[in-house]
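1059 is the number of the first residue of the sequence shown in the numbering used here; add one for each residue after it. Notes follow the structure.
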Amino acid sequence: MQGMQALIGALGPVETERFLIAVSRDRFDYTEWRRHGLPEMDVDELAEAANRLAKQRNRAA
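This is the structure we're talking about:
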C-alpha cells in the first residue's frame, strides 16, 4: 500500500493509473529497467524523448 501511496503522491491518481496500465500491458521487468534501462540523459532530454515516443505511438494507434 505504501508503494501505491507513493505513486499517487508523486504522479496523482490519473497518471498513476496510466503508469500501472502501461506497466501491466508491456511485458518487461520494471525494476530491472529502472536499474539499467534509463538512458544517460538529463531530465529535459528524457522528457523530450518520451514525448516523441508518445506522439509516434499515438499516430500508429
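All C-beta atoms, glycine included, are put in the ideal place defined by N, C-alpha and C. Every value quoted in this text rests on a predicted model; they were computed, and no experiment measured them.
A straight line joining the alpha-carbon of Leu1069 with that of Gln1060 spans about 14 angstroms.
Ala1107 and Met1099 have their C-alpha atoms roughly 10 angstroms apart.
Between the alpha carbons of Tyr1088 and Ile1079 lies a gap of roughly 13 angstroms. One alpha carbon belongs to Val1072, the other to His1094, and they sit about 27 angstroms apart. Take Thr1074, set aside five residues on each side of it, and the residues of its chain with a beta-carbon closer than 7 angstroms to its own are Leu1065 and Ile1066, in chain order.
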